[in-house]
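For the sequence shown, the positions run 1 to 181 when the UniProt record's numbering is used.
Glycine included, C-beta positions come from ideal geometry on N, C-alpha and C.
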Amino acid sequence: MLSIWMFVAAVAAPTAPAESTDAWHANYSEAVAETKQEEQPLLVVFDKPGDESAELDPSLLSAESGAFPLDSYALCHIDATTDYGKQVAEGFKVTEFPHVAIIDKSGSVVLRRVSGDVTQSEWTKVLKEHKNGDRSTAVTHSVSKPVKSTTPSFSPSVSMPSSSQGGYSKPYCPSCQLRNR
Numbered sequence: 001m002l003s004i005w006m007f008v009a010a011v012a013a014p015t016a017p018a019e020s021t022d023a024w025h026a027n028y029s030e031a032v033a034e035t036k037q038e039e040q041p042l043l044v045v046f047d048k049p050g051d052e053s054a055e056l057d058p059s060l061l062s063a064e065s066g067a068f069p070l071d072s073y074a075l076c077h078i079d080a081t082t083d084y085g086k087q088v089a090e091g092f093k094v095t096e097f098p099h100v101a102i103i104d105k106s107g108s109v110v111l112r113r114v115s116g117d118v119t120q121s122e123w124t125k126v127l128k129e130h131k132n133g134d135r136s137t138a139v140t141h142s143v144s145k146p147v148k149s150t151t152p153s154f155s156p157s158v159s160m161p162s163s164s165q166g167g168y169s170k171p172y173c174p175s176c177q178l179r180n181r
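Next up, the structure:
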């Protein structure tokens with residue numbers, strides 16, 4: 001009896017329409033676990049469904065559009081209107097929606113962030129750049145070490161006249177002068 005059900009499931013699976021929404025995680029921690037297990041980069045999309053100005057173009061997210069290689073990424077779609085979505089977006093310090101983050105295949109380093117309207121060409125370019133999930137492709141900012149100057153620097157000094165120089169015997173500070181009266 002079990003073998004009949006397995007046969008029916010095997011025959012029915014290829015004929016059922018493939019839905020791209022099955023590949024998308026709504027839970028960030030599950031998506032990170034998949035990233036680590038499959039050693040794939042993670043694509044995280046933050047948006048607010050129902051708000052056209054804060055929602056990523058749905059055509060960019062469909063596998064049929066050919067806009068990106070669906071099998072190259074673990075996928076996570078966060079609805080930023082829910083309490084959970086707000087917490088995750090806050091953790092990523094997202095201030096503008098839609099927002100896309102690409103995370104390396106170890107699940108620990110954000111390789112790229114893109115906020116606001118994303119064009120099809122920009123989407124394709126960014127996803128192709130990071131499809132391997134290597135940190136070497138990360139957009140980084142380098143900071144140089146400070147340069148030591150060989151020229152002498154001027155540091156002003158203030159000296160107060162002392163009683164031995166014929167000046168004041170009381171301190172210059174107004175508070176101290178009031179106390180010493």
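Is the Cβ-Cβ distance between residue i and residue j less than 8 Å?
i	j	result
T95	P49	no
L42	Y73	yes
Would residue i be called buried (16 or more neighbouring beta carbons within 10 Å of its own) or exposed?
i	result
Y84	exposed
K128	exposed
M105	The sequence shown places Lys at residue 105, rather than the Met named in the question. It is buried - the Cβ of K105 has at least 16 other Cβ atoms within 10 Å.
L60	buried
L178	exposed
Rounded to a whole number of angstroms, what is the C-alpha to C-alpha distance between residue i and residue j?
i	j	result
S108	T119	27 Å
S62	L75	12 Å
A31	K93	19 Å
V126	E52	22 Å
Kindly list the residues whose CB is nearer than 8 Å to the CB of residue i, restricted to its own chain and excluding five residues on each side of it in sequence; keep chain order.
i	result
A54	D47, K48, A80, F97, P98
S115	V94, T95, E96, F97, P98, H99, V100
K86	A80
Whole-angstrom Cβ separation of residue i and residue j, contact assumed at under 8 Å?
i	j	result
Q40	G133	6 Å
H77	I102	With a Cβ gap of about 14 Å, H77 and I102 do not count as contacting.
Return the chain-ordered list of same chain residues with a C-beta closer than 6 Å to the C-beta of residue i, the five sequence neighbours on each side being excluded.
i	result
H141	Since pLDDT at H141 reaches only 38, below the 50 mark, its modelled position is unreliable, and the value read off the structure follows with that caveat. If we look at H141 and ignore the five residues flanking it on each side, it has no Cβ neighbours.
A23	L75
Please work out which residues of its chain come closer than 7 Å, Cβ to Cβ, to residue i, disregarding the five sequence neighbours upstream and downstream, and give them in chain order.
i	result
A89	F46, I78, A80
So, does the CB of residue i fall closer than 8 Å to a CB anywhere in chain B?
i	result
I102	The structure shown contains no chain B; it holds only a single protein chain.
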